[in-house]
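All the letters of the sequence shown, read from the start, carry residue numbers 52 to 1043 under the working numbering.
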Amino acid sequence: MHNQLHRISAVLRMRQKMAKFQEFRQIARSLATIPELFPNKTDFPTRHIGPRKTDVVMMLELLGFKSLDELSDKAVPKEIQLNRPLIIEDPLNEHELIDRIRSIAKTNEIWRSYIGLGYHNCYVPHTIQRNIFENPGWTTQYTPYQPEVAQGRLESLLNYQTMVADLTGLEVANASLLDEGTAAAEAMSLCLRHNKRMKIYLSDRLHPQTISVVKTRAVAFNQEVIVGPLSEVDLTKRDISGVLLQYPDTYGDVQDFAKLSATAKANGTLVVAATDLMALTLLRPPAEFGADIAVGTSQRLGVPLGYGGPHAGFFACKQTLVRLLPGRMIGVTRDMDGHDAYRLALQTREQHIRRDKATSNICTAQALLANMSAMYAIYHGPEGLKEIANRIHNGAITLYEGIRAAGHRITNNVFFDTLHIVPNGSMNVDEIKTRAESKKINLRYFDDGSVSIALDETVKTEDLEDLLWIFKAQPVAEVIDRQNIMENSIHNSPFKRTSPFLTHPVFNKHHSESRMIYEAVGNKDISLVHSMIPLGSCTMKLNSTTEMIPCSFRHFTEIHPFAPVEQAKGYHKMFEELEKDLCEITGYDKISFQPNSGAQGEYAGLRAIRSYHESKGEHHRNICLIPISAHGTNPASAQMAGMKVQAIKVCSDGSIDMVHLKEKLQQHSDNLSCLMITYPSTHGIFEETVHDICRLVHHYGGQVYLDGANMNAQVGLCRPGDYGSDVSHLNLHKTFCIPHGGGGPGMGPIGVKNHLAPFLPSHPIIAPFGFLGADQQSFGTVSAAPYGSSAILPISWSYIKLMGGKGLKRATQVAILNANYMSKRLEKHYKTLYKDPRSDLVAHEFILDIRDLKKTADIEAVDIAKRLMDYGFHAPTMSFPVAGTLMIEPTESEDREELDRFCEAMIGIRNEIKEIEEGRMDRRMNPLKLAPHTQLQVVSSNWNRPYTREQAAFPISLVKPDNKIWPTVGRIDDIYGDKHLVCTCPPMLPDY
């Protein structure tokens, strides 16, 4: 009985355990379903990609496909398809992303940096930060090639040019360059073009990064570069093209260069002054001591440090050199009604027109940052700028007196903001550095044991106290009590500025926030805020709010580019992760982030190729083959890299002419350096022969440079590094979501295969991350900062993290879908010039052939471009790569409704052209020839056009009063502008 009870008890216990187990299993199962009940929302790809799932199905049906995979499988040649998922971590949702990037940013340490070297901390007025830097109405504009819908940013950039010209004292300035180093290199190239002399002389008191960038550029032109004291330059031999000096110099000294300039002028040599706009509010401007050119950076005028960029470089010169001026320049002209208007002046010099005969390869400038600096000058005005400069200068004088009284030798006689200090015997540089580090202060330390301090507008009394303490000097109050600080002031020296500047009303009427002109100016422009911008080859896609937010984090914005690397751990963590992801996406092995534009990336990649050949003793390899369909920057970059360009023909279907390519390869086999191609081609097709082309080039000893402008059609589908490319630049301001900013910032890092990695860009101050080692054989330096425009890299990092591998692939597929959908919708009205004969598809962009309309209706591509403004759209890419055509790229970000809206606009315009063809509308007096129509024209009592006001302003039902975008000027008169070149604010312009 006892045993039986024991067995029953055991069974009951077992049943209880089983019940507990079943209960545990049930709990476990319920826990497993929690992600379904509370999903981790990673739906960013559906936010970024425009068409909804139902739209995708409908669009695919129109094209005859059942899935995106089927479409992309048909579009992309099978030989180059990736056929596996991208190995990229699972996507983050938007809140997780911000938490993660914030935690990365906070590993950067914000020290007070008084390093100088052309970079200074500053106060970005909050109104400028919010209304320009963080405003998509300013960040998502395109380069102002269509001036009638770009009057706002053109006006602001004209203000920038006026500011630069006024402060430097020179007659003309351009609308910005990339940074100070590249601006100096452009200046020395101008000297060469001006007098054809093959020597340049660089002051040994220039910033070291400037010397390095100029040297790198000069080597490719076979120029001899001499670096030394200006006292030793011999100009009487008349063999020196230009002299480059720094004013104030890298040690802070202000010197008189009047005699040097006079000697240079007498001997046909140009003088280039690298200078500081803030200092020039107090200092005599370069033009007054005879400089022909002035260059520098406007960073300290309201643009954050951002670990080196983006910042706007400036370039000003004498009127006699204007036709050699590099980059873009804004000019004043008039519209068809005689009203003042703005446009890009001297456009025919741009690289996409002159190709291998271009004066530079500049494409991206730094328009957004130039606009910030222009607004900073407007906000403060001339008196406000002088007040800031005096505060900086007085702080430097206080330090001078205190540190000198403490027994240290200061080498400066006249200075603005920078002191060069030789410690006394009781203190050495190690002790100074230790004391500085205890206060979390960065100074500049020289190899000879000397130190320099460069002050900025953020310096307060407490900062001066700490700096004096570092040198064991007396406190500020005692220094000031003992010494009249005005005795050593610039105001008591012959260098004092006496000439006025910023006298135009725009700089003198808008100093309160309520008077600032952001809205008045910005509302004149079309941006992605208003409508899609369907520019082929320019990839104007969504720049999401989440991606943009980290750019304002102070742990990203307040880091000096030459701060010790250990203070920038967050930046380097981001570089590592972004490099890893970009290598996975492209198939390359290494990435250099130094090039700060696509054209700079082209140049860097080509220089790496040249260095690779030279390392093998093949210095003679200098022939670069480029299809005639290539981007204009390609031949310009090759010419700048010291290569000789040979053009390759294309076939009637838009593909590379393989017969002609083979002929050229055989002809130049001994001297072949590389082939530059764009893929998908600039004609908007996936060429099936790309793999064969790469193999052929390698067979003849060349390298393949693949222009990454069209990477938006490849991500997740194919990888350049897999099908034979050796190097590409990546337009992060296209495929990877950095906004265009009205013409910049851009970012053009280059990816390379392992054999080219040792030749990537270097830097004289901070060795770029990832490229250290004994095998480093860099060709030199391309940008002033070691990692280019670091502060905008969080945008691309965020885009990849938010999309994940699947999202990136789907984005590419939808970009291809959108382009083919639009081509199909328009096929009854316009001819798509090129389609892949294998698939009858286009890639992510397509070209509409407008040329026949010239014969039938006297209508050209420019007429359609201007008429589109009346429909509320920016024009597609006009007359590139084929004259008389329009190239359209919708990107994946635009939804079907917006695609249809644009198609309806194009169809509406085609119907108007049909009226001309059929004689129902005059061939000269019609809505296309007289477009765009301004509000003033439409409401004028003097309406004398043979079509109605309604047809002019509201041509189809989709254009309504509540969504109407009005161009602020009529069609621009380019001929008048060419004959009357005005590139600063003239008195007759409105002062708001």
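Yeah, the Cβ is synthetic: ideal placement off N, Cα and C, and Gly gets one too.
Item: Residues that DSSP places opposite P678 in a beta bridge; Value: I699
Item: Contact set for H734: own chain, Cβ-Cβ below 6 Å, skip 5 residues either direction; Value: S680, G705 and Y885
Item: First and last residue of the uninterrupted alpha helix (DSSP H) at A808; Value: Where A808 is concerned, there is no enclosing alpha helix (DSSP H), given that its DSSP letter is neither H nor E.
Item: 9 Å Cβ cutoff met for A238 and A692; Value: no
Item: Member of Y170, M727, C702 and I521 whose CA lies at the smallest distance from the CA of A689; Value: M727
Item: Residue span of the alpha helix (DSSP H) that contains K250, given as start and end; Value: It is not in any alpha helix (DSSP H) - K250 instead sits in the beta strand (DSSP E) that spans K250 to S254.
Item: Counterpart residues of T733 in DSSP-defined beta bridges; Value: DSSP output for T733 lists no bridge partner at all.
Item: Alpha-carbon to alpha-carbon, S841 and L1032; Value: 36 Å
Item: Local Cβ density within 10 Å of S263, reported as buried at 16 or more and exposed below that; Value: buried
Item: Integer-rounded CB distance, given that G923 should sit under 8 Å from H581; Value: 7 Å
Item: F1005 in three-state terms, based on DSSP; Value: coil
Item: Proximity winner among I584, I149 and A392, relative to E896 (alpha-carbon distances); Value: I584
Item: Alpha helix (DSSP H) segment containing Q717, residue limits; Value: M709 to Q718
Item: Same chain only: Cβ atoms within 6 Å of E598, ignoring 5 sequence neighbours per side; Value: C788, I846, S849 and Y850
Item: Euclidean distance between Cα positions of L229 and L208; Value: 15 Å
Item: Backbone secondary structure at A836 - three-state DSSP; Value: coil
Item: Nearest neighbour of P136, chosen from L892, A428, K860 and K667 [CA to CA]; Value: K860
Item: Buried or exposed (CB count within 10 angstroms, at least 16 for buried), S411; Value: buried
Item: Distance between A325 and Y298 (C-alpha atoms, nearest Å); Value: 6 Å
Item: Residue from P983, M709, A687 and C675 with nearest C-alpha to K695; Value: C675
Item: Exposed unless 16 or more other CB atoms sit within 10 angstroms - verdict on T332; Value: buried
Item: Segment contact, 8 Å Cβ cut-off, at least three pairs: the segment 918-936 with the segment 1014-1024; Value: yes
Item: 6 Å Cβ shell around I544 - same chain, five flanking residues per side excluded; Value: Note that residue 544 corresponds to Ser in the displayed sequence, not to Ile. Correct list, in chain order: V465.
Item: Sub-9 Å separation of A503 and T469 beta-carbons; Value: The question names Ala, but residue 503 is Ser in the sequence shown. Yes, the Cβ-Cβ distance between S503 and T469 is below 9 Å.
Item: Residues that A493 bridges to, as DSSP identifies them; Value: Checking the sequence, you will find Asn at residue 493 rather than Ala. Partner(s): S164.
Item: Sequence ranges, alpha helix (DSSP H) only - wholly within the segment 416-470, length at least 4; Value: 418-456
Item: Where S292 sits in the DSSP three-state scheme; Value: strand
Item: Coil, strand or helix - L757 by DSSP; Value: strand
Item: Close Cβ partners of S720 (< 8 Å) along its chain, the five nearest in sequence each way excluded; Value: Y751 and G752
Item: Continuous beta strand (DSSP E) stretch holding M802: start and end; Value: In the sequence as presented, Met is not what sits at residue 802; that position holds Gly. Where G802 is concerned, the enclosing beta strand (DSSP E) stretches over I801 to V803.
Item: For N422 and R495, the rounded distance between their alpha carbons; Value: 30 Å
Item: Proximity winner among T928, G432 and E635, relative to C769 (alpha-carbon distances); Value: E635
Item: Cutoff 6 Å; reference V748; Cβ partners in own chain excluding five residues on either side; Value: L726 and V755
Item: As assigned by DSSP and simplified to three states, the class of D900; Value: strand
Item: Candidates Y252, T301 and R379, of which the one nearest G279 by Cα; Value: Y252
Item: E160 to I610 span [Cα, whole Å]; Value: 8 Å
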